[in-house]
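Just below is one structure, and these are the notes that go with it.
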Amino acid sequence: MIGQKSHLANIDKWKQWREERKLEAKQTLIETYLPLVDYVSGRLSIGLPKNVSKDDLTSYGVMGLIDAIEKFDYERGLQFETYASWRIRGAIIDGLRQGDWVPRSVREKAKKIEEGYQKLEQQYLRSVTDAEMSQYLQITESEFQQMVQDIAVTTVCSVDDPIREEEAETRLSILIDDKAKSPESTVHDVYLKDTLALAIERLTEKERTVVSLFYYEELSLSEIAEVMSLSPSRISQLHSKAILRLRGSLSRHRTQLFQD
């Protein structure tokens, strides 16, 4: 990631903005952290349709950065760069959604595959193969691979996304350590994290590698392709299948939680 600099280096500006609401301090903070927008938008731009311009991504990202600066509480001791990156990413995804950049047919394909992974992996309690998914969808394996390739752009996953579309709880909400949590909330969070951990274990080896390199090592898809000696399109497919499997696991988690 770009050079990580503790927000404590700008503590005077944070105090001036948070306590005195000085616009000059806010502007300084925006200018200081603008490189985060370039970094996040650059990563998200990979694999997006050509009609999505880099200027659009940057514009959405700047709005996310401003939102992060307005809401960030420096006294909690959190790293601003991490918090802001979540907000920037979420703002970009929200902006793209509002622009309806993904055709309905592509979203429907993604939903079918996600539901297939959810049903079959709950049935077999393991990672299902492409052949099994193709049989479930009643298509050939080559057609399944093409479907995965078609929906690659829908799997750019925002931590500000709701865990389920009709609910307000987001992936970001389970990462931020709220100071006071009810016992029920704590049990829910532990269960959710365990569910995700198990889901990641069930990914294929290549899918786990892609997830690790993309989300933890923060390599781009093209860099991952070079590391793994695979084509960028193949890496995109692996990423898409991994995200759809994880989404299916989250959906199962929510269903089981409410049934209990």
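When the sequence shown is numbered by my numbering, its final residue is 888 and no position is left out of the sequence of numbers. The beta-carbon is built from N, C-alpha and C at its ideal position, and this holds for glycine as well.
For residue i, collect the residues of the same chain with a Cβ closer than 6 Å to its Cβ; drop the 5 residues on either side in sequence, then sort them by chain order.
i	result
Trp645	Ala653, Lys654
Quick one: Cα of residue i to Cα of residue j, how far?
i	j	result
Arg671	Gln750	32 Å
Thr757	Ser850	25 Å
Leu866	Glu835	5 Å
Thr847	Pro663	Checking the sequence, you will find Leu at residue 847 rather than Thr. Their backbone Cα atoms lie some 17 Å apart in a straight line.
Ile658	Glu703	19 Å
Leu685	Lys641	27 Å
Ile828	Leu874	7 Å
Ser868	Val776	7 Å
Glu833	Glu854	17 Å
Thr656	Ile639	12 Å
Lys740	Tyr844	28 Å
Leu858	Leu651	49 Å
Thr798	Arg725	Residue confidence for Thr798 is low, a pLDDT of 47 falling below 50, so the modelled location carries little weight; the figure read from the coordinates is stated next. In a straight line, the C-alpha of Thr798 is about 16 Å away from that of Arg725.
Asp701	Ile721	24 Å
Pro860	Ser681	20 Å
Ser733	Ser879	21 Å
Gln774	Ala719	29 Å
Which of helix, strand or coil does DSSP assign to residue i?
i	result
Arg646	helix
Arg754	coil
Pro860	helix
Glu652	helix
Ser673	coil
Val776	helix
Val839	helix
Asp701	coil
Leu664	helix
Leu831	coil
Thr686	helix
Thr710	helix
Leu847	coil
Ile720	helix
Gln726	helix
Ser868	helix
Ser877	helix
Ile767	coil
Val616	An answer regarding residue 616 cannot be provided, because it is not within the stretch 629 to 888 covered by the chain.
Please report the Cβ distance between residue i and residue j, rounded to the nearest whole angstrom; I am assuming they are in contact, meaning their Cβ atoms lie under 8 Å.
i	j	result
Gly723	Tyr667	Actually they are not in contact, since the Cβ atoms of Gly723 and Tyr667 sit about 17 Å apart, beyond 8 Å.
Gly876	Gln766	Not confirmed; about 19 Å, so no contact.
Report yes or no: is there a C-beta of chain D within less than 8 Å of the C-beta of residue i?
i	result
Ile694	Among the chains of the structure shown, chain D does not appear; only one protein chain is present.
So, for residue i: in the same chain, excluding its five sequence neighbours on each side, which residues have a beta-carbon less than 7 Å away from its beta-carbon?
i	result
Ile852	Val838, Leu841, Phe842, Ile863
Ala712	Tyr661, Leu664, Leu693, Ala696
Ala870	Leu831, Glu835, Val838, Val839
Ser673	Lys682, Leu685
Which same chain residues, not among the five before or five after residue i, have their C-beta less than 8 Å away from its C-beta?
i	result
Ser762	Thr768, Glu769, Glu771, Phe772
Leu753	none
Ala825	none
Leu748	Val756, Glu760, Met761, Tyr764
Arg715	Gly692, Leu693, Asp695, Ala696, Lys699, Asp788
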